[in-house]
Amino acid sequence: MSLLQWDENLSVGVEQFDHEHRKLIAIMNELFDAIQTGHAELVLGPILVRLVDYTMTHFSNEEQAMREAGYEGLAEHKALHDELIRRVAEVQRHYREGAASAVSTELMDFLKNWLIGHIQIEDKQYAPVLARETADV
Ligand SMILES: [Fe+2]
Ligand SMILES: [Fe+2]
């Protein structure tokens, strides 16, 4: 069973970011599967590394695009990104310290709700500005 599925309702109207959101969702699903099937101990570390890395890459790509487009909500949006990175990095630290239980289904629920909520509310707000910008080039 997959945790999340990307569909058109999650589209932010910018192809690059739709693609990146799909990839983020795919990594989260891998993590979820690992927890569900009890293989977490073996594969969690590398998946967490990829999740943290890719989240940072995606956030920095979005922030750069917002900056280039002169998007007004950048500072506020970036603060939300920073907060999520802090939380995911914290989970990773707990995991490294041996608390594999830090990575639980509750955590996945939190990540899932955060990601979907963030795409549907905050990311969609930049859609008109950034879509216009990409169309101009
Ligand atoms: Fe995003
Ligand atoms: Fe975002």
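6 is the number of the first residue of the sequence shown in this note's numbering; add one for each residue after it.
Ideal placement from N, C-alpha and C gives every residue a C-beta, glycine not left out.
query: C-beta contact flag for V134 and A74 at 8 Å; result: yes
query: Cβ contact check for the region 51-59 and the region 72-86: 3 or more pairs under 8 Å; result: no
query: Under the three-state DSSP convention, the category Q10 falls into; result: coil
query: Straight-line Cα distance separating E25 from H63; result: 7 Å
query: Three or more C-beta pairs below 8 Å linking the region 90-103 and the region 31-44; result: no
query: For I30 and K117, the rounded distance between their alpha carbons; result: 8 Å
query: H63 Cβ short of 7 Å to ligand 1 heavy atom set; result: yes
query: Residue range of the alpha helix (DSSP H) that includes T110; result: 110-123
query: V108 to D114 span [Cα, whole Å]; result: 11 Å
query: Exposure of I124, with buried meaning 16 or more beta-carbon neighbours within 10 Å; result: buried
query: Classification of A39 by the beta-carbon crowding that lies within 10 angstroms, buried from 16 upward; result: buried
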